[in-house]
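A.B. asks: What follows is a single structure, and I will ask about it in a moment.
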Amino acid sequence: MLRTITVGSCVSIQGTVVGNLPDGRITIRVGEQTYSGKPISTINR
194 MLRTITVGSC VSIQGTVVGN LPDGRITIRV GEQTYSGKPI STINR
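Heads up, our numbering is the position in the sequence shown plus 193, with the first residue counted as 1.
Structural data, given as structure tokens:
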């Protein structure tokens with residue numbers, strides 16, 4: 194599943210979800226790299 198996270202105040206990264214952290218952040222993978230950050234909320238239409 195693709196998700197978008199924010200890292201810092203203005204960097205967004207999109208990738209495949211790898212896991213969830215206890216503090217509410219998620220970890221995603223982009224190629225060989227993994228990143229953790231706050232998930233961006235989805236809009237329900």
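C-beta atoms are modelled at their ideal positions from N, C-alpha and C, and glycine is treated no differently.
1. What is the DSSP secondary structure of Ile233, reduced to helix, strand or coil?
2. Give me whichever residues DSSP pairs with Leu214 in a beta bridge.
3. Cα separation between Arg196 and Ile236?
4. Give the DSSP-derived three-state secondary structure of Gly208 in the structure shown.
5. Going by DSSP, what residue range makes up the beta strand (DSSP E) through Arg196?
C.D. replies: The relevant details are as follows:
1. coil
2. In the DSSP output, where bridge partners are listed per residue, Leu214 has none listed.
3. 13 Å
4. strand
5. 195 to 200
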